[in-house]
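What follows is a short report on a single structure.
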């Protein structure tokens, strides 16, 4: 009895002192103002547009949020679908891109879909979800989701003509390619723009084994919940910040990125092992008979996904007997074909190159394959804009057969080295002072983000450094069009147990240019990096033997560039490209992601140019 009484008294005291609980009336003010939050609000369709939403069921019961936009009165209309991880609501509600507006105005039905696990779609999000197979035993992938969506669209959109095209850039370019693997009969055209294709060899995550740590800040955008989060490290000068933190792994831990499974996969798979090889879309597409007509779109100066579109074209062109596969290349950075193509960096063009590409190539391609009774687009296999030369139509990409040899005294010549010349050039690579990608400062995700135009940035800042070698030709007596992938054959040695080599092919403008901004400008043609431990196989990392001269062979990205008469061709060589790429410690560290500070050491790199070791770049030169 005494125990029960004490319990009642304790409850009374708590009731008098604790906040009110639900359902218990208390004295005092009560907030009765109605909320300003509009529950379930979605932006209305743009003026002159009909907007519908659907939760489309997939074969496993998961429903994917889909937005359908058309103009009033549409009929017998082709559909163009984009499957995106960046939000279908936002894509459909913001001011439509020029291409979207033109498509809808011309009677197309535009469709956006949140990929599974993102924004308002159900299910589990997996970054670049692999095709069903050893890496994905679920039987659910982007090909099956695309097929199930196409089934639903042709049955449930009465205004449609039953013919569907897929389009999208970057990640959505990847999903567009994956859709073609479905083999769905309603899929009649695909326009993958800057697609993620092989994220180890040359797209987002690695380039020839060097980790692109610039992608780490974007992980929260894709992976922090269904709608993402702001980028990590935004607003700071990344060169200094990443240098202070040390390794890519330290940056991950500083911002909690090591919690993301994708970041842990980077660390677990630093080499080009079966994990990456099985996901290389150019290989997958070549292994499957693809009947869908395809227009691959690439930016020649795409700072993020420069590799993918040309790689798929190279894989499919030998199999393309019916000329179903086309390649469109323009002077654009990432996703530039969707915006203003009248210039890039300091360069200004005679027209809006992106608008012309949309009007004269992309739209006619879609019309020909999706519109009822439309004429053929009559496209060449390759339509490209040669920097310094304008638009070109080509049947094929030439092989890299025109050699330029590194010579003593910083010369670059068509003739190989001769006996008796100095045998090598040396430079000291110091991880504490890495060569920047652009002249500092380097910011990410801001108005001063120079990364976006880094592949056309003046390279004079680098040529002035003692840790950058330069080799240059005499002024050209005629224009030379470099069209394709330059092959690098570098013979080099290091005092370290590992080394990176960055090779840049550059157009050196004359000092007397009419435009003062271009006088003496060192304009990149193609540039890339190679991690030395992979010289004998991208799946077989091996340490260097200090002092031993070895061959480092790799290809530079696709280029289309006319080096004008009176210009000179330059090659720059260096051993860091920071902060876009992680630093090589230059000692043997199995896990560079988590290399300790003491592992980073100076090394002397020696580039050979002798008859026995004729370092050279081989150019793909097209007839003009």
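Numbering (my numbering), first residue to last: 111 to 734. All residues carry an ideal CB built from backbone N, CA and C; glycine is no exception.
- Residue 538 places its beta carbon 9 Å or farther from that of residue 456.
- Here DSSP, grouped into helix, strand and coil, assigns residue 652 to coil.
- Ranking 256, 323, 661 and 273 by CA distance to the CA of residue 290 puts 256 first.
- Nearest neighbour of residue 394 by Cα position, chosen from 668, 243, 167 and 159, turns out to be 243.
- In the three-state reduction of the DSSP assignment, residue 534 falls in the strand class, which pools E and B.
- Residue pairing by DSSP places residue 261 opposite no residue, since no beta bridge is assigned to it.
- For residue 202, the enclosing alpha helix (DSSP H) stretches over residues 198-203.
- In this structure, DSSP gives residue 240 a state outside helix and strand, which the three-state scheme calls coil.
- For the 9 Å CB-CB criterion, residue 605 and residue 713 form a contact.
- The residue among 651, 660, 727 and 676 with its C-alpha nearest the C-alpha of residue 698 is 651.
- Residue 678 is a Cβ neighbour of residue 582, given a cutoff of 9 Å.
- Fully contained in the region 504-573 are the following beta strand (DSSP E) runs of length 3 or more, in chain order: 512-517, 521-523 and 534-539.
- When the beta-carbon positions are compared, residue 275 and residue 297 come within less than 9 Å of each other.
- Under the three-state reduction of DSSP, residue 387 is assigned to helix.
- At a Cβ-Cβ threshold of 9 Å, residue 357 and residue 700 do not count as neighbours.
- Rounded to the nearest whole angstrom, the CA to CA distance from residue 166 to residue 400 is 26 Å.
- Boundaries of the beta strand (DSSP E) harbouring residue 640: 632-641, taken from the DSSP string.
- Listed in chain order, the non-local C-beta contacts of residue 546 below 7 Å within the same chain comprise 349, 552 and 688, local neighbours out to five positions each way being set aside.
- Linking residue 449 to residue 208 through their CA atoms gives a straight-line distance of about 8 Å.
- Within the same chain, 181 and 182 come within 8 Å of residue 158 by CB-CB distance, once the 5 residues on both sides are set aside.
- Per DSSP, residue 370 is not a residue of any alpha helix (DSSP H), being assigned neither H nor E.
- Rounded to whole angstroms, the gap between the alpha carbons of residue 346 and residue 364 is 14 Å.
- Boundaries around residue 601 are those of the beta strand (DSSP E), 590-604, since no alpha helix (DSSP H) includes it.
- Per DSSP, the beta bridge partners of residue 664 are 598.
- Contact check for residue 603 and residue 519: beta-carbon distance about 20 Å, past the 8 Å limit, so the pair fails to qualify.
- Rounded to the nearest whole angstrom, the C-alpha separation of residue 644 and residue 322 is 16 Å.
- Residue 390 and residue 633 have their C-alpha atoms some 31 Å from each other.
- Spatial neighbours of residue 300 in its own chain (CB-CB distance under 6 Å, excluding positions within 5 residues in sequence) are listed in chain order as 276, 286, 290, 402 and 404.
- Contact between the region 247-267 and the region 426-442 is absent, with fewer than three C-beta pairs closer than 8 Å.
- Residue 444 and residue 731 have their alpha carbons spaced roughly 25 Å apart.
- In the three-state DSSP reduction, residue 629 falls in the coil class, being neither helix nor strand.
- For residue 284, the uninterrupted alpha helix (DSSP H) segment begins and ends at 281-290.
- For residue 210, the enclosing alpha helix (DSSP H) covers residues 208-215.
- Out of 692, 465, 189 and 410, the CA that lies nearest to the CA of residue 179 is found in 189.
- According to DSSP, residue pairing for residue 223 in a beta bridge involves 176 and 193.
- In terms of Cβ geometry, residue 617 and residue 498 form a close pair [threshold 9 Å].
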